[in-house]
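In what follows, a single structure is set out as structure tokens and then discussed.
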Amino acid sequence: MFRKLTAAILSVILLSPGWLGATGLTLPFALVPLLWISSSYDASRRSWRRMFGWAALTFALWNVATVWWIWNATPVGPVAATLASTFFNMIAFMLFHTVSKKGPKALAYTLLVAGWIATEYWYTVGEFSWPWLILGNGFSHEVWAVQWYEYTGIFGGTLWVLLSNILLYEAWRRRRDAKAWTWAGAVVLLPILVSLGIFWSYEAPDEGSVTVSVVQPNIDCYDKFAAGTEQMQERLLLSMIEEAPAGSDFIVLPETVWPYAYDERYLPQAPVVTKIREILREKSSGAMIVTGAETIVYYPPEEQTETARQNERGAFYDKFNSTLGIDTTACLPIHHKGRLVIGVESTPTWIFKALKFLVIDLGGTVGQLGVGEPGPAFVHNGVSVGTPICYEGLYGNFYGGFVREGARALLISSNDGWWGDTPGHKHLFSIARLRAVEHRRAIARSANTGTSGFIDTRGDVQQKLGWDRRGILTGEVELNSELTFYTRYGDYLGRISELLMGLCILYYIAYRIKKKNHLVK
15 MFRKLTAAIL SVILLSPGWL GATGLTLPFA LVPLLWISSS YDASRRSWRR
65 MFGWAALTFA LWNVATVWWI WNATPVGPVA ATLASTFFNM IAFMLFHTVS
115 KKGPKALAYT LLVAGWIATE YWYTVGEFSW PWLILGNGFS HEVWAVQWYE
165 YTGIFGGTLW VLLSNILLYE AWRRRRDAKA WTWAGAVVLL PILVSLGIFW
215 SYEAPDEGSV TVSVVQPNID CYDKFAAGTE QMQERLLLSM IEEAPAGSDF
265 IVLPETVWPY AYDERYLPQA PVVTKIREIL REKSSGAMIV TGAETIVYYP
315 PEEQTETARQ NERGAFYDKF NSTLGIDTTA CLPIHHKGRL VIGVESTPTW
365 IFKALKFLVI DLGGTVGQLG VGEPGPAFVH NGVSVGTPIC YEGLYGNFYG
415 GFVREGARAL LISSNDGWWG DTPGHKHLFS IARLRAVEHR RAIARSANTG
465 TSGFIDTRGD VQQKLGWDRR GILTGEVELN SELTFYTRYG DYLGRISELL
515 MGLCILYYIA YRIKKKNHLV K
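Per the working numbering, the sequence shown starts with residue 15, numbered consecutively.
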């Protein structure tokens, strides 16, 4: 009992650092203790239940250790996130454990790898989407070790972690087998060596750069929508736009930074848009302001969307968490956020409508919002940029949509202050480094508070402005129009894993039927 508890806690300790501001290089070893616990049990139902308990304890503690900071926004948030994430982890691991006791070991390991990646993939495409703890995200502080993400995306990182754990566990079981250790060492080290080669040799295409200023206004999130503060906030934001260097090509403001919601039918005439254009003209600035805002779209009754609501006059409308591109021209491009925070911005099924109290507050605006798509790319002075918003940073293939639309750089608007000065906002910034590698696009990120900054196409942080600071950072953002393999083909590893998982389950069912019929000895 004590040895198994120690092993479970050791797995938690090895799984967690990559999400707490430390290294993710413990991940290739993190599941070895849990695999040992699995191997110690037989095929009985009693043993299955005991393994279920140890696995559930391990994954629940991993979740609690890495997402506890959601508590600052909503006490039930960590509970809801832990239940959901642990459920998906358990699907993959308990399928492996079951097959390992009653089927071929190779099939069990294949099912572990395929099942884990497939369930992670479901995080990114399903209505209930919480992909924070995808294993490949754990290397956001070691971009030098995962430069091959430009070919595989983060699911390549998950594949690496799982194969490393399996081979290291098998080598540990056969301690005197040099061949087993050689294979394990090769799987752990070879991807790092390949990545270092890419890292040292990579040079961004010589396509020039643009000057970008990112604004961090440091407005208290919980006071942001308080009545009577709107004019003060607007004055602060307009004054910071005035302070930005006149030579900037883009000035980026945070997510939902303005204290009002704007009807898109009248957006070009909105007072804030008019004031921004006046400032740009007075400064003789050729910049485009990329800013977060809450916008409203009205529909005829026959064209209402699934997410539309009715106002007191019976008109149907959607609220969107949006980014706007404002310059001195009549052009005003809009991007509607397409990956919404579950429970806060999106209530996908009747289950969550019935359980409204299970709200995970991760930024943005609250309520059932309209759902957008990647893009369009904002074009200014001949340069196309993508404008993802906050939580969209967890979705590599969604980011690829901006790039496939023609974006040569990415300008992120975010609002991370809901969670306080915790690992939450720090890791969300570091995950953007993985997006830069996957698509080889430089990133400028504006957060309401901590962390704003610049990331180059190798994923290196060039500048950043930390927590609880107000200011403006200005830097050069390199441009790139080339598409990586991952940009072109997206999460193909997830799709392949879904298919492989299904085939493994079918094979196992056929194997068990044959064995019961005494056709397999």
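Every residue, glycine too, gets a C-beta built ideally from N, C-alpha and C.
Query - Gly434 and Asn462 closer than 8 Å at C-beta - result: no
**Report entry** Straight-line gap, Asn429 to Glu269 (C-alpha atoms, nearest Å)
**Finding:** 5 Å
Query raised in the report: DSSP state of Gly489, grouped into three classes?
Result: strand
Query raised in the report: Under three-state DSSP, which class holds Gln382?
Result: coil
Requested in this report: Can you tell me the Cβ-Cβ gap for Tyr521 and Leu121, rounded? I've got them flagged as a contact below 8 Å.
Outcome: About 6 Å; that satisfies the 8 Å criterion.
Requested in this report: Assign Ala423 to buried or exposed, taking buried as 16 or more other Cβ atoms, counted over all protein chains shown, within 10 Å of its Cβ.
Outcome: buried
Query raised in the report: Does the separation of the CB atoms of Ile486 and Ala258 fall below 8 Å?
Result: yes
Query raised in the report: What is the DSSP secondary structure of Leu181, reduced to helix, strand or coil?
Result: helix
Requested in this report: Could you say if the region 17-27 and the region 72-83 meet the contact criterion of at least three C-beta pairs nearer than 8 Å?
Outcome: yes
Requested in this report: Whole angstroms is fine: what's the gap from Ala74's alpha carbon to Gly389's?
Outcome: Taking the CA atoms as reference points, Ala74 sits about 36 Å from Gly389.
Query raised in the report: Is the region 282-298 in contact with the region 399-409, if contact means three or more CB pairs nearer than 8 Å?
Result: no
Query raised in the report: What residue range is occupied by the uninterrupted beta strand (DSSP E) comprising Ala450?
Result: Where Ala450 is concerned, there is no enclosing beta strand (DSSP E), although the alpha helix (DSSP H) it sits in stretches over Pro437 to His453.
Report task. With a cut-off of 8 Å on the beta carbons, I'd call Gly129 and Leu109 a contact; round off their distance for me. Result -> 5 Å
Query - Neighbour-count burial assignment, Lys333, 16 or more Cβ in a 10 Å radius - result: buried
Query - Of the listed residues Ala458, Asn411 and Val160, nearest to Ser466 (C-alpha basis) - result: Ala458
Query raised in the report: Applying the criterion that 16 or more other CB atoms from any shown protein chain within 10 Å of the CB defines a buried residue, is Cys518 buried or exposed?
Result: buried
Query raised in the report: When you compare only the Cα positions, how much space is there between Thr498 and Arg190?
Result: 42 Å
Query raised in the report: Do the CB positions of Ala185 and Ala198 come within less than 8 Å of each other?
Result: yes
Query raised in the report: When DSSP builds the beta bridges, which residues end up paired with Lys478?
Result: Note: Lys478 sits in a beta bridge opposite Gly467.
Query raised in the report: Would you call Trp33 buried or exposed, if buried means 16 or more other Cβ atoms sit within 10 Å of its Cβ?
Result: Buried, by the Cβ-count rule.
Query raised in the report: Quick one: any contact between the region 212-229 and the region 488-498, if contact means 3 or more CB pairs under 8 Å?
Result: yes
Report task. State the start and end residues of the unbroken beta strand (DSSP E) segment that holds Leu425. Result -> Leu424 to Ser428
Query - Collapsed DSSP secondary structure at Phe66 in the structure displayed - result: helix
Query raised in the report: Where does the unbroken alpha helix (DSSP H) through Met515 begin, and where does it stop?
Result: Following the DSSP letters along the chain, one finds Met515 inside the alpha helix (DSSP H) bounded by residues Tyr506 to Lys530.
**Report entry** Residues near Phe169 in its chain [Cβ-Cβ closer than 8 Å; skip 5 each side]
**Finding:** For Phe169, the CB contacts under 8 Å within the same chain, skipping 5 residues up- and downstream, are Ile131, Glu134, Tyr135, Ile148, Gly150, Asp505, Leu507, Gly508 and Ser511 in chain order.
Report task. With DSSP as the reference, label Gly170 as helix, strand or coil. Result -> helix
Report task. Have a look at Tyr276, Trp214 and Ser209 and flag the residue whose alpha-carbon is nearest the alpha-carbon of Tyr331. Result -> Tyr276
Query raised in the report: Does any heavy atom of the ligand MG sit closer than 7 Å to the C-beta of Gly508?
Result: The ligand content of the structure shown is nil, which means the ligand MG is not present either.
Requested in this report: Consult DSSP for Lys333 and reduce its assignment to one of helix, strand or coil.
Outcome: strand
Query raised in the report: Who does Gln245 pair with in a DSSP beta bridge?
Result: Per DSSP, none; premise fails for Gln245.
Query raised in the report: Given that a residue counts as buried once 16 or more other Cβ atoms are within 10 Å of its Cβ, and exposed if not, what is Trp214?
Result: With fewer than 16 Cβ atoms within 10 Å of its Cβ, Trp214 is classed as exposed.
Query - Beta-bridge pairing of Gly400 - partner residues as DSSP gives them - result: Leu424
Requested in this report: Grab the span of the beta strand (DSSP E) containing Arg459 for me, first residue to last.
Outcome: Start and end: Ile457 to Ala461.
Query raised in the report: Expressed to the nearest angstrom, what Euclidean distance is found between the alpha-carbon atoms of Trp144 and Arg353?
Result: 10 Å
Requested in this report: Whole angstroms is fine: what's the gap from Arg418's alpha carbon to Ile293's?
Outcome: 33 Å
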